[in-house]
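Asker:
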Amino acid sequence: MSKALHQLKKHIDVSNPKTWIVIAAGVAGIVILVETRRRKRRATLLTREGLGAFVERFELLPFPQPPPPASRLLLSGFKFAVTDIFDVKGYVTGFGSTSWKRTHEEATKTAVAVTALLKNGATCVGKTVLDELSFGITGENMDFGSPANPVLPSHIPGGSSSGSAVAVASQLVDFAIGTDTIGGVRVPASFCGILGYRPSHGAVSTIGVLPSSQSLDTVGWFARDPSILHRVGHILLQINPVEPRRVRNLMIADDLFQLSKVPKQKTVHVVNKVAENLSGYQPPKHVNFGQYIASNVPSLKGFHEQSINVKNGISALKALSSVMISLQRCEFKTNHEEWVKSVKPRLGPEVSDRVLAAINTTHENIKIFYKVRTEMRAALHSLLKDDGILVIPTVADPPLKLNSKKAVFSEFHDRAFTLLSIASMSGCCQVTVPLGKHEDFPISVSFIAFHGADKFLLDTVLDMYPSLQEQASITSNSLPLPDTNGDMDASELLKEKGNAAFKGRQWNKAVNYYTEAIKLNETNATYYCNRAAAYLELGCFQQAAEDCSKAILLDKKNVKAYLRRGTARESLLCYKEAAQDFKHALVLEPRNKVASLAEKRLRKLMSR
């Protein structure tokens, strides 16, 4: 008998059966406690290894490989994850919410898209985190935590399909699938520095996928390698592998790149150089996409907000994004109003506000929303035809820091949705392509092709990707050339010529004269400020803001520079920064009516 039992025998009556029952219960309790702690440690370790990407891990083996001489299945040996919005037989689909998971049963069938991947040799290793009820683009989740962005751990990973993007970016899987309604694949792909694909609306089956907004919902996918992105596309899209090669006609949306805070040298220049050097590509064309939409989607006119800068077309895209959000709310309400009202789910504050807005929305404009969608698809097809690819920034801003203030998120969403609404509302296919980094933040551009041109777009990415990465690397290592200084009198003469051209409404000519003046004398704030005025007339708002910033560095009391930068920033939907500029102008000139009216208007916009 052990020493412990001898000690026990001295103090208790071991002949009493009740004593042994108590001892057994105590030992069992200790064993359960130890096992519980062990499992928690293991779960924590798994979560840390997966950067919080997974809701739960399991293994779904692929369908049997056909015997020789049949060729190997296209996805054999690849591992993938699925966002917890896809049904998997035997598991409760969580929809990013513990409230949803608690009130629903296990799925009796596996989603069609997941089954297709298993049939073609891939192994599913688990379900991943998403924004609660798939209602967001930040990737933050109150119930399951926010997956850690492997590129920038202190910043948001992007959503809604955040966990799937993180699993791919951190090399836990070869590819992953998610859903993209208003940016759910494109945004996290951009923020995590990987490839992300949103297919043509309706091209991939959504059977077995929880709906958010059926008019906008798509099944998308992530990969690090363009060949894997291509393979997954062939399976999910069921496309013909043989198709005649077409000449590609890239169209760069200059007005949309003004929204981006990344220098064009690292985006537009990279795409231009690659297109010049590859065979089968026409020289890129430059378009003002906002103006094109304003002219070709007439049903948008009723949704324009009052703005002092409507001529640039950005207001048309802002209206488009407003229609997109309204359409999503209407269809979300139809799908989930009964559940929300009966369960009253526990949600994070951001998502809770959005769900409440959806439940309180009305359907009075629903027919117009559908009309805008039809007109958008027709407009994109007319612009792109069979060989066109629109090049845009994927998002306007770098990923925000985790737990940022609500006001910051509001502006972030406004600027992001302006770009994301193009593919969502037209149903066109879009691919997010990483292009290195700028100031430690990941950069990406997006290619959009007409509805149904998925193979054409996937082939384009496969063709261009190596050259794009090479050119992005070259560009990031090159330094811009400094401007030269020159004669003062000559610069003043050029400024006067610029002023005369400006008065004659010859904006491009004015820009050229002011540019020449700056080359001769780069320390004169007036030259930058005047050129900014010409840029504003041309709708070149990013350049105007940059010129005003240079003018303010040289002359901190330059009221015109603050006013013009405020105007430019408002046009770029940077409301908070614009409001600060108008406030500065009021400090310098308290009775300035333009600044006073603008500051009030922006305060109203930001309080929505």
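The opening position of the sequence shown corresponds to residue 557 in my numbering, with each subsequent residue numbered one higher.
The C-beta atom is built at its ideal place from N, Cα and C for all residues, glycine as well.
So who's on the other strand from Asn-916, going by DSSP bridges?
Answerer: Taking the first residue of the sequence shown as position 1, residue 916 is located at position 360. None; Asn-916 has no bridge partner.
Asker: Nearest-angstrom Cα distance between Lys-1156 and Phe-1138?
Answerer: For this step, residue 1156 is matched to residue 600 along the sequence shown. For this step, residue 1138 is matched to residue 582 along the sequence shown. Those two C-alpha atoms are separated by around 10 Å.
Asker: Going by the CB atoms, is the gap between Thr-684 and Val-611 shorter than 8 Å?
Answerer: Counted from its first residue, the sequence shown places residue 611 at position 55. Counted from its first residue, the sequence shown places residue 684 at position 128. Yes. Within cutoff.
Asker: Could you give the distance in angstroms between the alpha-carbon of Met-698 and the alpha-carbon of Glu-688?
Answerer: As a working mapping, residue 698 is identified with position 142 in the sequence shown. As a working mapping, residue 688 is identified with position 132 in the sequence shown. The straight-line gap from Cα to Cα measures roughly 8 Å.
Asker: Report back the beta-carbon spacing between Asn-676 and Leu-630 to the nearest angstrom; my notes put them in contact at under 8 Å.
Answerer: Here residue 676 refers to the residue found at position 120 of the sequence shown. Here residue 630 refers to the residue found at position 74 of the sequence shown. Between Leu-630 and Asn-676 the Cβ distance is about 5 Å, and since that is below 8 Å, they are a contact.
Asker: On the criterion of 16 or more Cβ atoms from any shown chain inside 10 Å, does Val-1143 qualify as buried, or is it exposed?
Answerer: By one-based count along the sequence shown, residue 1143 stands at place 587. Burial call: exposed.
Asker: Report the residue from Pro-709, Leu-876, Leu-939 and Glu-1048 whose alpha carbon sits nearest the alpha carbon of Leu-806.
Answerer: Numbered from its first residue, the sequence shown carries residue 806 at position 250. It is Leu-939 whose Cα lies nearest to the Cα of Leu-806.
Asker: Give the DSSP-derived three-state secondary structure of Cys-748 in the structure shown.
Answerer: The residue you call residue 748 lines up with position 192 of the sequence shown. Three-state result, Cys-748: helix.
Asker: Rounded to whole angstroms, what's the CA-CA distance from Tyr-1070 to Pro-905? Just pull it up for me.
Answerer: As a first step, residue 1070 is located in the sequence shown; it is residue number 514 there, counting from the start. As a first step, residue 905 is located in the sequence shown; it is residue number 349 there, counting from the start. Answer to the nearest angstrom: the Cα atoms are 49 Å apart.
Asker: Taking Cβ to Cβ, would you say Lys-957 is nearer than 8 Å to Glu-799?
Answerer: Here the question's residue 957 lines up with position 401 in the sequence shown. Here the question's residue 799 lines up with position 243 in the sequence shown. Their beta carbons are not under 8 Å apart, which means Lys-957 does not touch Glu-799 by this criterion.
Asker: Would you identify the three-state DSSP class for Asn-828, choosing helix, strand or coil?
Answerer: Translated into the one-based positions of the sequence shown, residue 828 becomes position 272. Asn-828 falls in the helix class under three-state DSSP.
Asker: For Thr-679, which of Ala-779, His-660, Ala-952 and Ala-637 has the nearest alpha-carbon?
Answerer: Taking the sequence shown and counting its residues from 1, one reaches residue 679 at position 123. The option with the nearest alpha carbon to Thr-679 is Ala-637.
Asker: Would you call the CB atoms of Thr-950 and Thr-988 closer than 8 Å?
Answerer: On the sequence shown, position 394 is the one that residue 950 refers to. On the sequence shown, position 432 is the one that residue 988 refers to. It is a contact, given that the beta carbons lie within the stated cut-off.
Asker: Give me, in chain order, the residues of the same chain whose beta-carbon lies closer than 6 Å to that of Ser-816; leave out the 5 immediate sequence neighbours on both sides.
Answerer: Start at 1 with the first residue of the sequence shown, and residue 816 comes out as number 260. Contacts found: Pro-949 and Ala-952.
Asker: Measure the alpha-carbon distance for Asn-959 versus Gly-715 and round it to whole angstroms.
Answerer: Here residue 959 corresponds to residue number 403 of the sequence shown, with the count starting at 1. Here residue 715 corresponds to residue number 159 of the sequence shown, with the count starting at 1. Computed Cα separation, rounded: 14 Å.
Asker: Determine, using beta carbons only, whether Asn-705 and Val-729 come nearer to each other than 8 Å.
Answerer: To locate residue 705, count along the sequence shown from 1; it is residue 149. To locate residue 729, count along the sequence shown from 1; it is residue 173. Cβ atoms of Asn-705 and Val-729: not closer than 8 Å.
Asker: Compute the beta-carbon to beta-carbon distance between Gly-695 and Pro-744, rounded to the nearest angstrom, for a pair I have assumed lies under 8 Å.
Answerer: For this step, residue 695 is matched to residue 139 along the sequence shown. For this step, residue 744 is matched to residue 188 along the sequence shown. Indeed they touch by this definition, with Cβ atoms about 6 Å apart.
Asker: Check this for me: beta carbons of Val-899 and Ser-655, under 8 Å apart or not?
Answerer: Reading the sequence shown from its first residue, position 343 is the one you call residue 899. Reading the sequence shown from its first residue, position 99 is the one you call residue 655. In contact: Val-899 and Ser-655 (Cβ atoms closer than 8 Å).
Asker: Consult DSSP for His-994 and reduce its assignment to one of helix, strand or coil.
Answerer: Your numbering for residue 994 matches position 438 in the sequence shown. Strand, per DSSP.
Asker: Report the residue from Thr-930, Gly-944 and Glu-1133 whose alpha carbon sits nearest the alpha carbon of Lys-841.
Answerer: Taking the first residue of the sequence shown as position 1, residue 841 is located at position 285. Ranking the options by Cα distance to Lys-841, first place goes to Gly-944.
Asker: Given this structure, state the Cα-to-Cα distance separating Ile-763 from Leu-772, to the nearest angstrom.
Answerer: As a position in the sequence shown, residue 763 is number 207, starting the count at 1. As a position in the sequence shown, residue 772 is number 216, starting the count at 1. Rounded to the nearest angstrom, the two C-alpha atoms are 15 Å apart.
Asker: Grouping DSSP H, G and I as helix and E and B as strand, with all else coil, what is Lys-817?
Answerer: Residue numbering aside, residue 817 sits at position 261 when the sequence shown is read from its first letter. Lys-817: coil per DSSP, three-state reduction.
Asker: Would the stretch 1092-1107 and the stretch 1119-1129 be scored as touching if the rule is three or more Cβ pairs under 8 Å?
Answerer: yes
Asker: Based on DSSP bridge pairs, tell me the residues matched to Leu-806.
Answerer: Along the sequence shown, one-based indexing puts residue 806 at 250. DSSP, once it has assigned bridges, lists Ile-945 as partnering Leu-806.
Asker: Would you call the stretch 781-798 in contact with the stretch 914-928, where contact means no fewer than 3 C-beta pairs closer than 8 Å?
Answerer: no
Asker: Please report the Cβ distance between Gly-740 and Gly-749, rounded to the nearest whole angstrom; I am assuming they are in contact, meaning their Cβ atoms lie under 8 Å.
Answerer: Locating residue 740 in the sequence shown gives position 184, where the first residue counts as 1. Locating residue 749 in the sequence shown gives position 193, where the first residue counts as 1. Between Gly-749 and Gly-740 the Cβ distance is about 17 Å, and since that is not below 8 Å, they are no contact.
Asker: At which residues does the beta strand (DSSP E) containing Val-670 begin and terminate?
Answerer: Numbered from its first residue, the sequence shown carries residue 670 at position 114. From DSSP, Val-670 is part of no beta strand (DSSP E) but of the alpha helix (DSSP H) over 668-675.
Asker: Does DSSP put Asp-643 in a helix, a strand or coil?
Answerer: Counting from 1 along the sequence shown, the entry for residue 643 is found at position 87. Assigned with DSSP and collapsed to three states, Asp-643 falls in coil, not helix or strand.
Asker: So does the stretch 1024-1034 actually touch the stretch 816-829, counting three or more Cβ pairs closer than 8 Å?
Answerer: yes
Asker: Give every residue of the same chain whose Cβ lies closer than 7 Å to the Cβ of Ala-1134, excluding the five residues on either side of it in the sequence, and list them in chain order.
Answerer: Position 578 of the sequence shown, counted from the first residue, corresponds to residue 1134. Correct list, in chain order: Gly-1122, Arg-1125, Glu-1126 and Leu-1158.
Asker: Pick helix, strand or coil for Lys-1065, following the three-state DSSP scheme.
Answerer: In the sequence shown, counting from the first residue as 1, residue 1065 sits at position 509. Residue state, collapsed to three classes: helix.
Asker: With a threshold of 16 other CB atoms inside 10 Å of the CB of Arg-801, please say whether the residue is buried or exposed.
Answerer: Against the sequence shown, residue 801 aligns to sequence position 245. Exposed, by the Cβ-count rule.
Asker: Using a Cβ-Cβ cutoff of less than 6 Å, which residues in the same chain neighbour Glu-931 once the five nearest sequence positions on both sides are dropped?
Answerer: Mapped onto the sequence shown, residue 931 falls at position 375. Excluding positions up to five away in sequence, the list reads Val-853 and Ser-855.
Asker: Using a Cβ-Cβ cutoff of less than 7 Å, which residues in the same chain neighbour Phe-859 once the five nearest sequence positions on both sides are dropped?
Answerer: The residue given as residue 859 occupies position 303 in the sequence shown. Excluding positions up to five away in sequence, the list reads Ala-875, Ser-878 and Val-879.
Asker: For the stretch 950-1004, list the beta strand (DSSP E) runs that are entirely contained and at least 3 residues long, ordered along the chain.
Answerer: 985-994
Asker: Applying the 10 Å Cβ sphere with the 16-neighbour rule, what's the burial state of Ser-558?
Answerer: Sequence index remark: in the sequence shown, residue 558 carries index 2 (1-based). Since pLDDT at Ser-558 reaches only 49, below the 50 mark, its modelled position is unreliable, and the value read off the structure follows with that caveat. Exposed: under 16 other Cβ atoms inside 10 Å.
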